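Residue numbers (the numbering used here): 16 to 397. Even for Gly, the Cβ is constructed at its ideal location relative to N, Cα and C. Since we're looking at a predicted model, the values are computed, not measured. Here's the structure we're looking at; comments come further down.
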Amino acid sequence: MGNCCGQSSIMECHSQQIVTKDQMDAEQANKAALTIQSYVRGYLTRKKHKHHHKNSSVAITCTNEYTSSKKQSRQEIQLVDLKKFNSFSKETNVPQNLKTIEKVPETLDNLTKQLRKGLPEFIYDACQSEPDLITRGPVQDEHDHIYIGQWKDNAKWGKGIQYWSDGSYYEGYWKDNKQNGKGRLIHVEGDVYEGDWKDDKAHGYGKLTTSSGGYYVGQWINDKQNGQGKELWPDGASFEGNYVDGIKFGQGVYTVANGSQYVGEFAENCFCGYGTYKCSDGTKYIGYWKQNKMNGQGEFYWNDGSKYVGEFFNDLRDGYGTFYYGDGRIYKGQWKNGKRHGNGTYIGKNQIEKQGQWQNGVFVVWEKQFTNQSVGDDPLFH
């Protein structure tokens, strides 16, 4: 920074600072803004896939059992023998597309066992319980998915656990053969969603934690982030604000791990509209944005007391603007690509105004002859 100021104008130095500092942070923001959406898309793709994936080669061996007792923990469920449910299941007319099995395959259970051990026990909500539900389990469907839990007539209904053929594991509430109410889905690759469900989709309030350690917590509608929510990425960056159909849209706060922060409007996962960006080094921009870049009317402040008030285009000063130096000098006039270009007015420390022309950041000529003031070594004219 010091070398730059020694060889060219202060204005050009500040121009470089805008470009390098804020383009870097804007690119960080753009990449981070897309990260959780990619996790969500991956999670949804895997969730959709497990509903259709078939795996008929899984051997039937024993490790688990389900019980509907509210006092029995998830760990206890994994240890209880399931044989006592066999005769009960046969007496309740198991649907033709299901078959009763003695054991949950150990190979299937082991795929998410370690993930389950690292999570707190899933708590069932007593308010969601229904009377007169029967219990069957384990039963296996034509896709080799295994269900252990409550039924209403021939539909999964109430509390239940399901293993998908790829090893993914759901524990929670069911209604009419679909995940409905509170529940937790653990994908075999490590993603975990816990929260509200409606007809097999995340719907309501819930938290998605990714295998890499990032998470989203907030409102969902039809498997998409909708409404208020918060994201945290593994590198420490975060976003808190509004979503529409899985996209950041409206007011929000994006914070970089180094302390830089944007507060303002978003559209299509980008800074867009009016907002304030404070850099970790103390510099600040207040104004309009378009696709993560300063665009339109705005103000940029530096730590030495300098500031620019005027027009921006693609992160650069472009159009008409005024630069206020920390030592009291002022330049107001035209800018292009971050440099003085066109007609401008210079006001020195003595407050005398001088009108002239600049081209590509270089002073060209005065429009008037001044005899009572020398420009001296002012870097603005060299």
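Measuring CA to CA, which of the options is closest to residue i?
i	options	result
Leu134	Trp235, Tyr208 and Val109	Tyr208
Leu126	Val324, Ile138, Leu247 and Glu204	Glu204
Trp179	Asn365, Val154 and Lys167	Val154
Gly251	Gly274, Gly265 and Phe264	Gly274
Trp189	Tyr162, Asn310 and Gly290	Tyr162
Asp168	Tyr139, Pro110 and Glu121	Pro110
Glu283	Asp260, Gln129 and Ile116	Asp260
Gly311	Glu246, Asp319 and Gly325	Gly325
Pro249	Gln165, Ser226, Lys263 and Arg344	Ser226
Glu117	Gln129, Asp140, Gly182 and Arg151	Arg151
Arg344	Gly320, Phe327 and Tyr335	Gly320
Ser183	Trp172, Asn352, Ile201 and Lys174	Ile201
Met309	Gly297, Ser295, Gly334 and Asp296	Gly334
For residue i, does the three-state DSSP call read helix, strand or coil?
i	result
Leu134	coil
Asp159	coil
Gln129	helix
Cys287	strand
Asp124	helix
Gln372	strand
Ala272	coil
Glu106	Any reading at Glu106 needs caution, since the residue's pLDDT is 41, under 50, leaving its predicted position unreliable; the model's value is listed next. Three-state result, Glu106: helix.
Gln312	strand
Gln111	coil
Gln366	coil
Gln143	helix
Tell me which same chain residues have a C-beta within less than 8 Å of the C-beta of residue i, skipping the five on either side of it?
i	result
Val380	Gly371 and Gln372
Gly219	Gly210, Asp211, Trp212, Lys213, Gln234 and Trp235
If you drop the 5 nearest sequence neighbours on each side, which residues of the same chain put their C-beta closer than 7 Å to that of residue i?
i	result
Gly244	Tyr231, Val232, Gly233, Gln234 and Tyr258
Gly221	Tyr208, Glu209, Gly210, Asp211 and Trp235
Gly405	Given that the chain is displayed from residue 16 to residue 397, the structure contains no residue 405 and the question cannot be resolved.
His160	Gln177, Tyr178, Trp179 and Ser180
Ala170	Asp191 and Asn192
Gly175	Tyr162, Ile163, Gly164, Gln165 and Trp189
Ile362	Arg344, Ile345 and Glu368
What's the call for residue i, buried or exposed, on a 16-neighbour Cβ count within 10 Å?
i	result
Cys285	buried
Gly313	buried
Cys142	exposed
Ala10	As shown, the chain starts at 16 and ends at 397. That puts residue 10 outside it, with no answer to give.
Lys132	exposed
Gln366	exposed
Gly256	buried
Glu186	buried
Ile262	buried
Ile138	exposed
Phe378	buried
Considering only residues of the same chain and omitting the five flanking positions on each side of residue i, which have a CB-CB separation below 6 Å?
i	result
Gly357	Gln349
Gly242	Gln234
Gly265	Asn257
Lys114	Gln155
Lys293	Gln276 and Lys299
Does any residue of chain C bring its CB to less than 8 Å from the CB of residue i?
i	result
Gly334	Considering every chain present, this structure includes no chain C. It has just one protein chain.
- [ ] Would you list, in sequence order, the uninterrupted beta strand (DSSP E) runs of no fewer than 3 residues that lie entirely inside the region 198 to 262?
- [x] 207 to 213, 216 to 224, 230 to 236, 239 to 247 and 253 to 259
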